[in-house]
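**Q** Here it is: the structure, laid out below.
Residue numbers (this note's numbering): 59 to 366.
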């Protein structure tokens, strides 16, 4: 219950950050298009620094086991979402944008600041399993789903700056090496920007959304329900049955971190890819916005159910 309350407070605080971004657009101080450079900074600078900083902890066998558990939990939750989509996409007549929005969560931008606030910065290490899996899937499965030609290049995964940062951080973690004090302070300070920056960018995008258009998309409530309720509940069931929580001393908390990522709202990356590859970007944006607003209610409820 305590974690649910802390989570609710943090999500509410992050929604206020979203409102700041929304306000600067609605007051015409900035345009929604001005969020693109900020998003690039978050993707190519802040995110990698955050991940490098997360691995600047003392190596131990227990932490290594926890990392492996996070990878297994991420593989289970993400595979479950893809398989479930394969089963329901034809009966529900889901288009590529709807499928991608239901499958992929905003686990990177949203979960890392939540983990820092609720559990502490030392636990960010265990978000890497989900981030590695989802980044790989974004440039393989999601790419082929939304791209008309349906081909992907392995170099897009291997040379993605966030993946490189994870591998570099993992190498430093295993070797026991740490940055000198001055670079580490810089990396930590930049990495700490991830939450506010991503929320402000989200708010700026919301500032250009016409909420009256929600009524034009009849399946929008269904997609949001799949992302925020159905898939998290299925993931919770599988986690319970698997018994993974008993694998390590902190197994329950590590699984909860992975579960938070699985219960997050629709990924903003899907919106960007939809715009880029000629799909209905407005629809993807609306799904992202509505799910982000509603997660302030659904995520604490999911955490409460996890802890029962």
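Ideal placement from N, C-alpha and C gives every residue a C-beta, glycine not left out.
In chain order, what are the residue ranges of uninterrupted alpha helix (DSSP H) at least 4 long that sit wholly in the region 194-255?
**A** For the region 194-255, whole alpha helix (DSSP H) runs of length 4 or above, ordered along the chain, are 201-204, 212-216, 219-233, 239-249.
**Q** Hey, out of 72, 88, 69, whose CA is closest to residue 265's CA?
**A** Out of 72, 88, 69, 88 has the C-alpha closest to the C-alpha of residue 265.
**Q** Taking just the CA atoms, how far does residue 321 sit from residue 363?
**A** If you take the alpha carbons of residue 363 and residue 321, they lie about 12 Å apart.
**Q** By the DSSP assignment, the alpha helix (DSSP H) with residue 84 in it spans what residues?
**A** Its alpha helix (DSSP H) spans residues 60-84.
**Q** Based on Cα-Cα distance, which residue from 178, 304, 281, 245 lies nearest to residue 153?
**A** With distances taken between Cα atoms, residue 153 lies closest to 281.
**Q** Who are the near neighbours of residue 345 in its chain, counting only those whose CB is closer than 7 Å to its CB and skipping five residues on each side?
**A** Excluding sequence neighbours, residue 345 sits near 159, 278, 281, 282, 324.
**Q** State buried or exposed for residue 397, treating a residue as buried only when at least 16 other CB atoms are found within 10 Å of its CB.
**A** In the structure as shown, the chain begins at 59 and stops at 366. Residue 397 is therefore absent and cannot be evaluated.
**Q** For residue 387, does the three-state DSSP call read helix, strand or coil?
**A** The requested residue 387 does not occur in the structure, where the chain is confined to residues 59 to 366.
**Q** Quick check: residue 353 and residue 246, are their CB atoms within less than 9 Å of each other?
**A** No, these two residues do not count as a Cβ contact at 9 Å.
**Q** What does a CB cutoff of less than 6 Å around residue 260 pick up in its chain, not counting 5 residues either side in sequence?
**A** Correct list, in chain order: 76.
**Q** If residue 205 sits next to residue 335, beta carbons under 8 Å apart, how far is it from one beta carbon to the other, in whole angstroms?
**A** Between residue 335 and residue 205 the Cβ distance is about 5 Å, and since that is below 8 Å, they are a contact.
**Q** Compare the beta carbon distance of residue 329 and residue 263 with 9 Å and say whether it is the shorter of the two.
**A** Result yes, Cβ atoms of residue 329 and residue 263 sit closer than 9 Å.
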